[in-house]
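Heads up, the thing below is written out as structure tokens.
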Amino acid sequence: TIGSNQILSKDEFINKTRELARLFYERDKVVVYGATYPSSILFNLQVDLLLMGKQLVFYPTKEKNKPIFIDDNDLLFIVTYSGRFLSFVQNQTDKVLGLSQHIAAFTKENKYKQDHLSSCEAFFPLPFEEDELESNILLMIVGDMIRYHYYYDYYKG
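Using the working numbering, read the sequence shown as starting at 572 and increasing by one per residue.
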């Protein structure tokens, strides 16, 4: 463990990224909602998924008055390292969580999962304590693995 967070084994990591790829595939659209910088790390994933016919859109949390469009069969993918944004824009977050029936999250805080994300279909826990370089690298690798599984399991197959 690192701090209070568990580190995933290699098999758990592969299974979690495969699970995220499956959820991406099963939903009509993926809506990334979260902190601006971590979400921007997924830009290359967005481009590749678009080339494979899957729509992935971003809604940065700093745009508080921007309407967010989520349909019943869309996946809300929450991306936050520390989980601070869930509290920072609490009213907006509550509205967004209420819009979606399908939620996945990438964050380190299990307390946020318990408080706000209890209905998550997939929860990818971060083992790091702060907004560190390691979190950026891990998110890039998670994006690469989602792309890999999506391509081989659903697009190519």
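Every residue gets a Cβ at the ideal spot worked out from N, C-alpha and C, and that includes glycine. Everything numeric in this text was worked out from a predicted model, so none of it was measured.
Am I right that residue i and residue j are in contact with their C-beta atoms under 8 Å? What's the rounded C-beta distance?
i	j	result
SER653	LYS679	7 Å
ASP724	ALA592	6 Å
Helix, strand or coil for residue i, going by three-state DSSP, please let me know.
i	result
PRO609	helix
LEU622	helix
VAL628	strand
ILE573	Unreliable placement is indicated for ILE573, whose pLDDT of 41 sits below 50; no coordinate value is reported for it.
LYS587	helix
LYS666	helix
LYS679	coil
Report all residues from its chain with a CB closer than 8 Å to the CB of residue i; omit the five preceding and five following residues, and keep chain order.
i	result
ASP645	ARG598, ASP599, LYS600, VAL601, VAL602, SER671, HIS673
Here's the rule I'm using: 16 or more other beta-carbon atoms within 10 Å means buried, otherwise exposed. How should residue i be labelled?
i	result
SER580	exposed
TYR721	buried
PRO638	exposed
Taking 7 Å as the line, does the beta carbon of residue i fall inside it for any heavy atom of the ligand MG?
i	result
ILE641	Annotation note on the ligand MG: not contained in the displayed structure, which lists no ligands.
List the endpoints of the continuous beta strand (DSSP E) containing residue i.
i	result
VAL650	646-650
TYR696	A quick correction: the sequence has Pro, not Tyr, at residue 696. Start and end: 693-696.
First and last residue of the alpha helix (DSSP H) that includes residue i?
i	result
PHE738	Nothing can be reported for residue 738: it is not among the residues displayed for the chain, which extend from 572 to 728.
ILE712	704-721
So, for residue i: in the same chain, excluding its five sequence neighbours on each side, which residues have a beta-carbon less than 7 Å away from its beta-carbon?
i	result
GLY605	THR632, ILE649, VAL650, THR651, PHE656
Excluding the five sequence neighbours on either side, which residues of its own chain have a C-beta within less than 6 Å of the C-beta of residue i, listed in chain order?
i	result
TYR726	MET623
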